[in-house]
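Protein chains: 2
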Amino acid sequence: MTDTITISVDAMGGDNAPRAVIHGASLALREHQNTRFIFHGRQEQITPLLDEFPELKAASTVRHSEVVIAMDEKPSQALRKGKGTSSMWMTIQAVKDKEADVAISGGNTGALMAMSTFCLRPMAGISRPGIAAIWPTLRSNIIVLDVGATIGADAQQLVDYAILGSALARCLFDDDAPTVGLLNVGTEEVKGLDYIREAGKILTDASGHGFTYHGFVEGDDIGKGTVDVVVTEGFVGNIALKTAEGTARQVGTYLRNALNSNLMSKIGAVFAISALKALRRRMDPRTVNGGVFMGLNGIVIKSHGGTDEIGYKSALNLSYEMARSKLIDKIGETMTRFPIKAALPVIEDEPEAKPA
Amino acid sequence: MTDTITISVDAMGGDNAPRAVIHGASLALREHQNTRFIFHGRQEQITPLLDEFPELKAASTVRHSEVVIAMDEKPSQALRKGKGTSSMWMTIQAVKDKEADVAISGGNTGALMAMSTFCLRPMAGISRPGIAAIWPTLRSNIIVLDVGATIGADAQQLVDYAILGSALARCLFDDDAPTVGLLNVGTEEVKGLDYIREAGKILTDASGHGFTYHGFVEGDDIGKGTVDVVVTEGFVGNIALKTAEGTARQVGTYLRNALNSNLMSKIGAVFAISALKALRRRMDPRTVNGGVFMGLNGIVIKSHGGTDEIGYKSALNLSYEMARSKLIDKIGETMTRFPIKAALPVIEDEPEAKPA
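Note that the protein sequences, when read in sequence, are chains A and B.
When we follow my numbering, the leftmost residue of the first sequence carries the number 1, and every step to the right adds one.
When we follow my numbering, the leftmost residue of the second sequence carries the number 1001, and every step to the right adds one.
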């Protein structure tokens, strides 16, 4: 693989921008030397930083933008203010204009989703976009979506998420028939909400066409890695993701406190230092960073806003991988395999901003 | 406090019943000698077990019941089969008849909720019952409800959960104005679903009457212990609870694997043994066992079905505490302080079984 991958980067997105973004890109470039970057944002801030990383500078273009979307702006506000001009919009526009293979921003999630939807528009046959999280489990990484692009869902949207998630799993895990589960409160057929049951019926019929439908899964199946793709409505997915993050931090704190609790435990920690360091790396949220916006005519990756250069490197590596494995083509392929979708007329939805 | 507390126990509920139930009761009796037990179930199985625990036997009565509700029975089925005759029903009936102060079962959650609602009926002013979980956090234990009694909620139900949760917090934490948060996907006022925003407005107006309204909280605020009471709809609450359980198990497994990964880490674990044991106790799900059914004319506690005698002891201790602190009175009191509720006419809802 020697094709060049071009990543369009919102240099102004996130709490530690643009320094963490540029530094992260220099680290990502070392891992994939066939990467080119287009940085969008305030030239006077970006250029001096690029001077610190000459190799990166040689692989980069800077596009000046004065307008920066704030982290607390409402999506509708952000669209009014930043459409066409903001670093965030320009980052996405470069994908639309085929100048870049993938876009990435650590900025305001709601604004990024609204702009991405408005600029790239939903794929034919997909009614609304979803955000997919890569979730580390006891078995391997899995995919959970939607983790908050849209609040509320119907059966058809869950089915769309299953298609999108399967395509992503095919890209990431090199598995041609990933398993898909619907998140529910019980594994018996009788339980749960009507729209989830309805989606379960559609997926049962379609199982075998690009994915294997496993059935309902519960909250604790996520951490077990029971399936490759967990499909859920965005509100529930967001709560699950943040609850898991909170629990992981909580247990991590318990462990630190325990190892600091007495002299013997401190000595023990010294002996176990390499194992504990490996554990820390494993639980480091920076190593798995990046939500994938799914279902649009282009790939957009959302990095955590509060992360540092290590986190940006991970999100940039994910962006690279999404472009390299041709996620958009894989989604199209999965869709043509899917009986209902294959028969669907091409529908172009009006772009919708998140409710403000 | 020397008043006797009488606990009505479904001896047949759960995977390890009746042995784990009886054994657990003998452990609980040691901690609270003023407890009396009424065991419901198959006499021929219960009596020989009680013979093993003479002290418990002296504090117990056995009520024979032939009918046992299976773990996989649908609530509607269970009600038809077990109303009036099953060990589960009789356990609840003893509370209704004022023979016992509190009921406990490790059986089928849906069936237990349906029977409890049917037998005890919702309290005046509360439309539907909720299940409250006691959730360990970095700060202290907190309360999360509803974790799955009802799927779907409206603003009024969330407000009811806030009242019920506050009353429970007043019982458990001895805090006269516990803080209450509404689980949402963002902390800004603009985000989330309409019914949650609507509940937020009602709680803002009522704040200070038996609780302090904190505002919206996100999934990771649960583990931080940001508020004393987290209020959410039952589907979301159940997913959050199980996702957290799954994550805690996952991190625990990572830690075990890390400490077993090489000789030095194994030596370290030996040094840190007492700290690691304390950590294990802290993360032991058996030490915090028991969902509290809230909003009925009587207290019912649901134990995990798969637990052992240690888990039953915890759930029985929780039952004891709920009876001792007079939870039902505290709920009534909290309700009379609440402006809207105090003005409400007494409404008696038709009892509803969970949708089958």
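All C-beta atoms in this analysis are idealised placements derived from N, C-alpha and C, irrespective of residue type, glycine included.
message: Quick check on E1052 of chain B: buried or exposed, where buried means 16 or more other Cβ atoms within 10 Å of its Cβ?
response: exposed
- prompt: Using a Cβ-Cβ distance under 9 Å, would D950 of chain B count as near chain A?
  reply: In the structure displayed, chain B extends from 1001 to 1356; residue 950 of chain B sits before or after that span and is not available.
Under 9 Å between C-beta atoms of M1294 of chain B and G1165 of chain B: yes
Alpha-carbon to alpha-carbon, I1222 of chain B and A149 of chain A: 22 Å
- request: Sort A:D194, A:A315, A:A169 by Cα distance to L29 of chain A and report the nearest one.
  value: A:A315
Anticipated Cβ contact below 8 Å, G225 of chain A with I142 of chain A, distance rounded: 5 Å
task: Give the straight-line distance between the Cα atoms of G1298 of chain B and K1098 of chain B, rounded to the nearest whole angstrom.
output: 9 Å
query: Taking Cβ-Cβ distances below 8 Å as the criterion, which residues of the region 275 to 286 of chain A are in contact with chain B?
result: A275, L276, A278, L279, R282, M283
field: A1240 of chain B beta carbon less than 9 Å from that of A240 of chain A
entry: yes
query: When burial is assigned at 16 or more other CB atoms within 10 Å of the CB, is T1243 of chain B buried or exposed?
result: buried
- prompt: Does DSSP put V1067 of chain B in a helix, in a strand, or in coil?
  reply: coil
message: At the 9 Å Cβ level, is F1271 of chain B part of the contact set with chain A, yes or no?
response: yes
- prompt: Any idea if S265 of chain A is buried or exposed, counting beta-carbon neighbours within 10 angstroms, 16 or more meaning buried?
  reply: buried
field: 7 Å Cβ cut-off: residues of chain B touching L255 of chain A
entry: L1255, L1279
message: Rounding to the nearest angstrom, what Cα-Cα distance links R1019 of chain B and L1079 of chain B in this structure?
response: 25 Å
query: Does the beta carbon of E245 of chain A sit closer than 9 Å to a beta carbon anywhere in chain B?
result: yes
- request: Could you tell me which chain A residues have their CB closer than 9 Å to the CB of L1193 of chain B, listed as they occur along the chain?
  value: I151, G152, F235
message: What does the Cβ neighbour count give for N317 of chain A, buried or exposed, with the cut at 16 atoms within 10 Å?
response: buried
- request: Would you mind telling me which residues of chain A sit closer than 8 Å to L1241 of chain B, beta carbon to beta carbon, in chain order?
  value: G219
task: Run down chain B in chain order and give the residues with a C-beta less than 8 Å from the C-beta of T137 of chain A.
output: Q1250
query: DSSP three-state call for A132 of chain A: helix, strand or coil?
result: strand
task: Tell me, to the nearest whole angstrom, how far the beta carbon of T1091 of chain B is from that of D1174 of chain B; I am working on the premise that it is less than 8 Å.
output: Wrong, their Cβ atoms sit about 29 Å apart, outside the cutoff.
- prompt: Closer than 9 Å, CB to CB, is N1034 of chain B near chain A or not?
  reply: no
task: Kindly say whether M1123 of chain B, judged by its beta-carbon, lies nearer than 9 Å to any beta-carbon of chain A.
output: no
query: Going by beta carbon distance, what residues of the same chain come within less than 8 Å of G1234 of chain B, once the five residues before and after it are set aside?
result: G1130, I1131, D1146, V1147, G1148, A1149, T1150, I1151, G1152, A1153
query: How big is the Cα-Cα spacing for G110 of chain A and I1273 of chain B?
result: 47 Å
message: Quick test of the definition: if touching needs 3 or more C-beta pairs under 8 Å, does the region 100 to 114 of chain A touch the region 58 to 65 of chain A?
response: no
task: Measure the alpha-carbon distance for D1308 of chain B versus N1016 of chain B and round it to whole angstroms.
output: 7 Å
message: If you reduce the DSSP assignment to three classes, tell me which class R1121 of chain B lands in.
response: coil
- prompt: First and last residue of the alpha helix (DSSP H) that includes M1012 of chain B?
  reply: It is not in any alpha helix (DSSP H) - M1012 of chain B carries neither H nor E in the DSSP assignment.
task: Kindly indicate if chain B contains any beta-carbon less than 9 Å away from that of M264 of chain A.
output: yes
Cutoff 8 Å; reference A36 of chain A; Cβ partners in own chain excluding five residues on either side: Residue 36 of chain A is actually Arg in this sequence, not Ala. These residues qualify, in order along the chain: T4, I5, T6, I7, A59, S60, T61.
For G246 of chain A and N262 of chain A, the rounded distance between their alpha carbons: 26 Å
query: Are the beta-carbon atoms belonging to S105 of chain A and V288 of chain A less than 9 Å from one another?
result: no
query: Does any residue of chain B bring its CB to less than 9 Å from the CB of V229 of chain A?
result: no
message: Check whether chain A comes within 9 Å of V1288 of chain B, counting only Cβ atoms and requiring the distance to be less than that.
response: no
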